[in-house]
Structures are given as C-alpha cells and as structure tokens.
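Trainee: Below is the structure I would like to discuss, written out as structure tokens.
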Amino acid sequence: MMQHFRTPTPVSGLFRKRDFQILPGTYGSLLNSTKPPPSIASAIANGNLTQAPNGTYYSGLTGVNLERDRTLTRALSIAVLCLMVLVLGVRFWQVRTGRLRQIFCLTATTSQQNYWSYDRNAWWPWLKKHIIYAPLGKVRHNREWQLSKAHNYGTTPGRVHTAILVTYIILNLVFCLYLEYDHEIPKILAELRGRSGMLSVFNMIALVLLATRNNPLIWFLEISFDTFNLFHRWLGRLIILEALAHVLAWYGAISIAKPPGGSNQAVADKPFLQYGVLGMTAFGIILVQSFSPIRHAFYEIFLHLHQFLAFIAILGIYLHLDVADLPALPYARAVCVIWAIERLARILRLVYLNFTFKNGVTTVVIEALPGQAVRLTFQLPRHIEVRPGSHSYVYIPRFSWHMSHPFSVAWVPSDSEPSTGMEGARYSVHPGNNIELATLPLSRPASPDSLESQSLAKEPRWMKRAKPPTSLSFVVAARSGFTRTLYDAASSRPYGTLECSGLIEGPYAGHDSLGSYGTVIMFAGGAGITHHLIQARFLLASAAANTVATRKIVLVWTVRDAEQFAWVASWMNEILAVPGRKEMLKILLYVTRGKNADYKHKNGRLISYAGRCSPGDILDRELRDRVGATMVSVCGPGAFADEVRKAVRERVDWGCLDMDEESFTW
Ligand SMILES: Cc1cc2nc3c(=O)[nH]c(=O)nc-3n(C[C@H](O)[C@H](O)[C@H](O)COP(=O)(O)OP(=O)(O)OC[C@H]3O[C@@H](n4cnc5c(N)ncnc54)[C@H](O)[C@@H]3O)c2cc1C
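Take the sequence shown: its letter number 406 is residue 406 in the numbering used here, and every next letter is one higher.
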C-alpha cells in the first residue's frame, strides 16, 4: 500500500510536527480516534509502515531498518557496560587487595611486610608489563610528538587504551555495515543512513560524558580525566565519521532518485535538512580544529571555538531529530541533559567554593619565582578538604577572563587534608603555630643542607584543630600563554607579587591511594613536584600515626637549575619537620645544568647530584631494600615519565611493583 505524506510546509522557518503525520485515509481508524495521530517515527516503529514508495529512500525513515538499529545500539550499550564492569572488577580487586594489605601492615615491622613484597602469581606481573603499563610500542607514551618546540602532535595511547579504542571502532564499523545487501542500492543506502545516524547520536552520550569534569565515572572507576579525554577525542572522530556516512548515504540516495541539483534543492526547501547540515558543518570544523598540532599551538582559541562548535553541533542535531521526531531523539535529549547538568554542577561548585556571605570571595596572591615560574596562593572563603594528588582548575579573570587551567594542588595547610590519624594523637594544640601559607617567606635555600637544617624549625600544622578557611597553593611553570602572562605580570611588580581575585574549581581526582604500599618511590620532573608534596607529607604523618603501611619513601626530583628548589623550599621544610621522616624519607635531587650540585647530607637522606637521573639505577638501588609492596609514582615531562615507565616495566617481575602516572598533557 502506498503511503501519502503531506508536503512539509515551513512555519516560521520550522517544520511543524504534524507536517510529518500520516494523512487521514491512510489509517482510517485514526479518523475516529480521539488520540493525536502518530508521527512517522512511531508509525514505522510500530510496524505500521513497512513498504516505502520507490525513489524516496533519501527522506524520513523510508528504508531505515529500525528494528536492527535498535538491536545494535542495545548491543553497543551492553558492550560499553561490560567494559565498565570489567574495569570496575579489576579496580575492585585492586582496591580490596590494597585495603587488606594496608590493614595487615598498619603496625607491621618492615620484615613483617615481606609477604607483600612479591606478587603471588606469574600472570599479574606479566599483564602489568605487557598490557597494563605498556606503551603502544617499546617506550613512547607521554612523550609528545614534535616537529619543533612549536609543533606538538600529541602523545601515544598505551596498549590498553588502544585495544579498547580499536575494539570499539571496529564494533561501530561492523554495526554500520551490517546491512541487507540483497536489496536495491537506494534501500541499502537508506539503511546505512539510519544506522550511521543512530550510532552517531548514541555515541554522543558517551562523548559528552567523557568530556565532563564532574563525570561520576572518574570517581567510580578511579580512572583519570586524561584517559577519559583520550577516549573523548577518539570517540569524537568516530562520531564525525558516522555523521559523514549518514550524510553521504543520504546524498547517494537522493542523487539516484533526483536529477542533478536535487540535493541542493532539498536542503534549500527543508529546515529539517538545514539543521542537519548545520550540525555536520560544526562537526567538520571541530574535526579540523582539534587536529593535535592546531589544538596544542592555540589551545585557548581551540577551547573557545570547540565549546561553541560543540554547542552548535548539538543544537543542529537536536533540531534535526526533533523536527521529524526521529527515533534517535531520546539520545539527543540525554546529551543535552548531561551537558546541562554538568555545566550547572560546575557553576554550583564554583559558587560554593569561592563565595560565602561571611568571608566574601576567593583572592589569589601571585608570586614570581626564580626559574620562570609563579606560585599561586588562593585564599578560599571556606574550609575544604583536599585529597593528596588532586588538581584544580584555576580562574584568574583579570588575565584569562572565563578560561580555566588545570594545576596540581602543591600545598594546603595540613588541616585541609584527609585525616591522617595524627590529629591530637601525639600533639597538643598550640594556636600560636598556625602560620598561614601565604605569609611564609619565599627564600631560596643556599644549599640543600639549608633545607635539612631548617627541618625542625616549627611544629607541624596538623595541630590546628579549628578549621579555618583553606588556602591552596600551586606552582606554575611559565609556558607561552596564560602562565607566561602571570609570570610577566608578577615579575614586573616591585616585590614580584600581586594580588587579585580568582576562582578555584575542584579539587578533582586524588583517588590514587598510596597508603597500602610499604615503599613509595616518587619521581618528579620540574613542576611535577607539585603532585607529590602533599602525598609525601600525608604518608609521613599517617605512618607516624600507624594508619598506613608506608615505611619507606624516596622522593626523586629532577630540575634544570638549582634555583628551582626555591619553588617549594618552605613546603619541603614542613615535610622535613614531620616526625619519623628521617627514618622514612630519602630525597634525591638531580640538577641537570648544575656543575656544583653534588652534595650529600651527613645522614645520607638528602643527596643532590649534578646531571640527569637514571630511573633504572635508582630502582635497582631502592628496590633491593624495599619494604612490602612498592608503588612508583611519576609526574613530569612526558619523556621523563616514559623513562620511568620503561624502568618499572623492566623490573616489574622482581616483586610487587605498581606504577601510577600523573600527566600534565591531554
Ligand atoms: C591535571 C594537570 C595538572 C597540571 N599541573 C600543573 C602544575 O602543577 N604546574 C604546572 O606548571 N603545570 C601543570 N599542568 C600543565 C598546565 O595546565 C599547562 O601548562 C597550562 O595550562 C599551560 O597554559 P598556557 O596558556 O601558558 O599554555 P600554552 O603555552 O599556551 O600551551 C602549552 C600547552 O598547555 C596546554 N594547555 C594550555 N591551556 C590549557 C588549558 N586551559 N587546559 C589544559 N591544558 C592547557 C596545551 O596542551 C598546550 O599545548 C597541569 C596539567 C594538567 C592536565
């Protein structure tokens, strides 16, 4: 039976939904019905429209295999769910083992932790070496591909990431091409159009979710934002390719059915198609502008344009689906809801953190540091808790308007970190010792020895019981954009300091728990030291209170010039003041451009070397007398992190050796 459709008539530039309704007469029963007539989508979905008129495979749902589209979309969501369950299973197992180990080792002596210093099977170290920690090739993972310093081509995903991405892309490809090939070509094209369109919009749900900072999956699966960001980028490319297939399939079908110029005429006549073109155009520009060298070279411009284009793409696609009430519309609605909720969450979080009626708004002190860096100290109006190893987004409207930049939280007063179990255990409160961070003198240590000798200068800060508003400090190395502007602005001031208003969003992440490891070896390169400082203090204080398994910490920091020690000198002093640190903490400093940097403190716990650090040699030395399980944590330039990764993989079967990396790029 031939179906008749009323020719769509534009109303104020939009189609009315009834333009797509099936005319009375086609379904006689509708005439007597008080219910509104079904849309084309529901008519076909209900199986009421099975036979398409010849030559119209380019329009509406004609020729689209909705049943199979739905089945395959469901299969795709099950695949994603299975992946999440798998990751969750592995995480759960890791967390459970870690907790068990931590509890068993809380009061254990170093030799009593021996049981934990080996993996109890051969397959887990093998998996870590060849899959979990493995880069795609031999060594390269976070080292950026560069033609020159100005041209950055991004990093290389690891093996696990690649396997997940390739599987997902192949799955999408197979689903897209799973068509009824015995049909005539226009009908095959119609089926492809429906399938690729449906999958493209369905994938957008994950795309938007992966780009959100307040993504509950980050917290739930304990996966870092940069991993989600990697998936976001690849999923984005896949979605754009599917959208392109959708457009080409439509174009192919209309070219067969209509004389030359028919497609242009159709677009000119139908806002439904114009919305689709709008979405596709935005997608096309996103694809070009997110190309790695362009993205990295003009990051702020990229981000502005990207957000604007993403908004246009979502709007175009939403209207495209809404006008015709197409079956993928619920997915587009989900995309809008996720996007809106996340934006709202960010705004609420910003307002909550940075504004109170009692204390006003957040302010920031920007101090120029030797070695081309600045220290930012944000004074929040309220007290918050900051987990070790977390990062925050920093807004300083005076220099970057509404743009935010991520930085690791380098320091907070100890009363703003999670409980170490130390509070009040051995110390009484001396309110006079509550020196606020912002007032600490910024002094360059004359030598590494001065770090050591100042170590017990004042009592630790966790003695403070009342919870005053939190101050968060960051060390920011000057690059060429926002960070350079901050450095130039602060260093042009008489005392290298300026104060203005700023905002903090976060803190995020900080879910990597190191407390179950008897040995923690931290590698930091340059500004990467920021990631480890609070972790080191937290572990030392917790060990003193017997609330973690950690008994040995090695902090390796490699810098270009000795003057960079000044970035964190005052905080190092606080770390060196934590009870028990002499037995637990060893600090190895490497000055790559320092000729006279060789130094060894008399107790052998603070050593400075001139030259590059060799992660392999350090691990060889430190693993020999490790305590229990070992965690190697690294934060620094990509090439440095890759060297550490290589060294860990080469030794991963020596004992229970895990690795964690915080990356400053995405
Ligand atoms: C989780 C995390 C923690 C970080 N912690 C620190 C830290 O403690 N100290 C430190 O010095 N640096 C840190 N960084 C790096 C820091 O965010 C960038 O160096 C900084 O944003 C560069 O700003 P810019 O405008 O000067 O960059 P440009 O010189 O213009 O660009 C340099 C590169 O920085 C990146 N970048 C630029 N703007 C942004 C942005 N808004 N968001 C994300 N990346 C951007 C881009 O990859 C770009 O290629 C961290 C990065 C991440 C992801």
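We treat Cβ as the ideally placed atom computed from N, Cα and C, and that holds for glycine.
A quick note: this is a predicted structure, and the numbers were derived from the prediction, not measured.
1) Look up Arg581 in the DSSP assignment and say whether it is helix, strand or coil.
2) Less than 8 Å separating the Cβ of Glu385 from some heavy atom of ligand 1?
3) Is the stretch 164–174 in contact with the stretch 283–299, if contact means three or more CB pairs nearer than 8 Å?
4) Considering Val644, what are the terminal residues of the beta strand (DSSP E) in which it resides?
5) Assuming Ser471 is part of the beta strand (DSSP E), what are its boundary residues?
6) Along the alpha helix (DSSP H) that carries Leu207, what are the first and last residues, could you check?
7) Helix, strand or coil for Glu661 per DSSP?
8) Just how far apart, CA to CA, sit Leu49 and Met84?
9) Suppose you measure from the CA of Glu622 to the CA of Ala410; what does that come to, to the nearest Å?
10) Using 8 Å for Cβ pairs, my map puts Cys635 next to His532. What's the rounded Cβ distance?
11) Using the C-alpha atoms, what's the distance from Tyr599 back to Ser453?
12) Output yes or no for whether 9 Å exceeds the beta carbon distance between Phe399 and Gly528.
13) Ends of the beta strand (DSSP E) at His391?
14) Mapping DSSP to helix, strand and coil, what is Trp93?
15) Mapping DSSP to helix, strand and coil, what is Cys656?
16) Kindly indicate which three-state DSSP category Ala509 falls into: helix, strand or coil?
17) From Phe202 to Thr56, what does the alpha carbon distance come to, in whole angstroms?
18) Rounded to whole angstroms, what is the Cα-Cα separation between Ala647 and Val139?
19) Going by alpha carbons, who is nearest to Arg672 out of Thr558, Asn215, Cys500?
20) Express the C-alpha separation of Ile188 and Arg346 in angstroms, rounding to a whole number.
21) Following a CB-centred definition, is Asn142 positioned closer than 8 Å to any heavy atom of ligand 1?
22) Classify Gly537 as helix, strand or coil using the three-state DSSP reduction.
23) Go ahead and label Trp462 buried or exposed: buried means 16 or more other beta carbons lie within 10 angstroms of its beta carbon, across all protein chains shown.
24) Let me know if Glu180 comes out buried or exposed under the rule of 16 or more other beta-carbons within 10 Å of its beta-carbon.
25) What separation, rounded to the nearest whole angstrom, lies between the Cα atoms of Leu88 and Leu106?
26) For Phe378, count the other beta carbons within 10 Å of its own beta carbon; 16 or more makes it buried, fewer makes it exposed. Which is it?
27) Give, in chain order, every unbroken run of the alpha helix (DSSP H) that is at least 4 residues long and sits entirely within the stretch 321–401.
28) For Trp401, count the other beta carbons within 10 Å of its own beta carbon; 16 or more makes it buried, fewer makes it exposed. Which is it?
29) What number of angstroms, rounded off, separates the C-alpha of Val335 from the C-alpha of Ile314?
30) Can you say whether Leu353 is buried or exposed, counting buried as having 16 or more other CB atoms within 10 angstroms of its CB?
31) Check the C-beta distance from Phe538 over to Glu385 and give it rounded, since I have them as a contact under 8 Å.
32) Is Pro397 close to ligand 1? I mean its beta-carbon at under 8 Å from any heavy atom of the ligand.
33) Along the chain, where does the beta strand (DSSP E) that runs through Glu499 open and close?
34) Just list the beta strand (DSSP E) runs in the stretch 52–117, keeping only unbroken ones of 3 residues or longer that don't cross its boundaries, in chain order.
35) Is Leu303 close to ligand 1? I mean its beta-carbon at under 8 Å from any heavy atom of the ligand.
36) Just the Cα atoms here: how many angstroms apart are Tyr495 and Ser404?
Mentor: A quick look at the data gives this:
1) The sequence position of residue 581 within the sequence shown is 581, counting from 1. Reduced to three states, the DSSP call for Arg581 is helix.
2) In the sequence shown, counting from the first residue as 1, residue 385 sits at position 385. No, since every heavy atom of ligand 1 falls outside the 8 Å radius drawn around the Cβ of Glu385.
3) Touching, no.
4) Reading the sequence shown from its first residue, position 644 is the one you call residue 644. It is not in any beta strand (DSSP E) - Val644 instead sits in the alpha helix (DSSP H) that spans 638–651.
5) On the sequence shown, position 471 is the one that residue 471 refers to. It spans 471–477 - the beta strand (DSSP E) in which Ser471 sits, taken as one unbroken run.
6) Here residue 207 is taken as the residue at index 207 of the sequence shown, counted from 1. Where Leu207 is concerned, the enclosing alpha helix (DSSP H) stretches over 185–210.
7) For the purposes of this step, residue 661 is taken as the residue at position 661 of the sequence shown. In the structure shown, Glu661 adopts extended strand secondary structure according to DSSP, grouped into three states.
8) What you label residue 49 is simply residue 49 of the sequence shown in a count that begins at 1. What you label residue 84 is simply residue 84 of the sequence shown in a count that begins at 1. At Leu49 the pLDDT is 43, less than 50, meaning the model places this residue with poor confidence; the figure from the coordinates comes in the next sentence. For Leu49 and Met84, the gap between their C-alpha atoms comes out near 38 Å.
9) Position 622 of the sequence shown, counted from the start, is the residue given in the question as residue 622. Position 410 of the sequence shown, counted from the start, is the residue given in the question as residue 410. Distance between the alpha carbons of Glu622 and Ala410 is about 25 Å.
10) For the purposes of this step, residue 635 is taken as residue 635 along the sequence shown, with counting starting at 1. For the purposes of this step, residue 532 is taken as residue 532 along the sequence shown, with counting starting at 1. Yes, they are in contact, since the Cβ atoms of Cys635 and His532 sit about 7 Å apart, within 8 Å.
11) Position 453 of the sequence shown holds residue 453. Position 599 of the sequence shown holds residue 599. Here Ser453 scores only 45 on pLDDT, less than 50, and its place in the model is too uncertain to base an answer on.
12) In the sequence shown, residue 399 corresponds to position 399, counting from 1. In the sequence shown, residue 528 corresponds to position 528, counting from 1. Cβ atoms of Phe399 and Gly528: not closer than 9 Å.
13) Reading the sequence shown from its first residue, position 391 is the one you call residue 391. Start and end: 390–395.
14) For the purposes of this step, residue 93 is taken as residue 93 along the sequence shown, with counting starting at 1. Under the three-state reduction of DSSP, Trp93 is assigned to helix.
15) Within the sequence shown, the letter at position 656 stands for residue 656. It is coil, neither helix nor strand.
16) Working through the sequence shown from its first residue, we reach residue 509 at position 509. DSSP places Ala509 in strand when its eight states are reduced to three.
17) In the sequence shown, residue 202 corresponds to position 202, counting from 1. In the sequence shown, residue 56 corresponds to position 56, counting from 1. Those two C-alpha atoms are separated by around 25 Å.
18) On the sequence shown, position 647 is the one that residue 647 refers to. On the sequence shown, position 139 is the one that residue 139 refers to. Each residue's Cα considered, the two are about 10 Å apart.
19) This structure cannot speak to residue 672, because the chain is shown only from 1 to 666.
20) Working through the sequence shown from its first residue, we reach residue 346 at position 346. Working through the sequence shown from its first residue, we reach residue 188 at position 188. When the Cα atoms are used, Arg346 and Ile188 turn out to be separated by approximately 44 Å.
21) The residue given as residue 142 occupies position 142 in the sequence shown. Flag unset: Cβ of Asn142 not near ligand 1.
22) Position 537 of the sequence shown holds residue 537. Sequence inspection shows Arg at residue 537; the Gly mentioned does not correspond to that position. Three-state result, Arg537: helix.
23) In the sequence shown, residue 462 corresponds to position 462, counting from 1. For Trp462, the pLDDT reaches just 46, beneath the cut-off of 50, and the residue's location in the model is therefore unreliable, although a value from the coordinates is still provided. Burial call: buried.
24) For the purposes of this step, residue 180 is taken as the residue at position 180 of the sequence shown. Exposed, by the Cβ-count rule.
25) Numbered from its first residue, the sequence shown carries residue 88 at position 88. Numbered from its first residue, the sequence shown carries residue 106 at position 106. If you take the alpha carbons of Leu88 and Leu106, they lie about 26 Å apart.
26) Here residue 378 corresponds to residue number 378 of the sequence shown, with the count starting at 1. With a threshold of 16 other beta carbon atoms within 10 Å, Phe378 meets it and is buried.
27) Segments of the alpha helix (DSSP H) lying fully in the stretch 321–401: 329–354, 397–400.
28) Reading the sequence shown from its first residue, position 401 is the one you call residue 401. Flag for Trp401 reads exposed.
29) Residue mapping note: residue 335 aligns to position 335 of the sequence shown, counting from 1. Residue mapping note: residue 314 aligns to position 314 of the sequence shown, counting from 1. Rounded to the nearest whole angstrom, the CA to CA distance from Val335 to Ile314 is 8 Å.
30) The residue you call residue 353 lines up with position 353 of the sequence shown. Leu353 is classed as buried because its beta carbon has at least 16 other beta carbons within 10 Å across all chains shown.
31) As a working mapping, residue 538 is identified with position 538 in the sequence shown. As a working mapping, residue 385 is identified with position 385 in the sequence shown. Wrong, their Cβ atoms sit about 12 Å apart, outside the cutoff.
32) In the sequence shown, the residue the question calls residue 397 occupies position 397. Taking 8 Å as the cut-off, one finds no heavy atom of ligand 1 near enough to the beta carbon of Pro397.
33) Locating residue 499 in the sequence shown gives position 499, where the first residue counts as 1. In the DSSP annotation of this structure, the continuous segment of the beta strand (DSSP E) that includes Glu499 starts and ends at 497–501.
34) DSSP runs (the beta strand (DSSP E)) wholly in the stretch 52–117: none.
35) Sequence index remark: in the sequence shown, residue 303 carries index 303 (1-based). Yes, ligand 1 has a heavy atom inside 8 Å of this Cβ.
36) On the sequence shown, position 495 is the one that residue 495 refers to. On the sequence shown, position 404 is the one that residue 404 refers to. About 26 Å.
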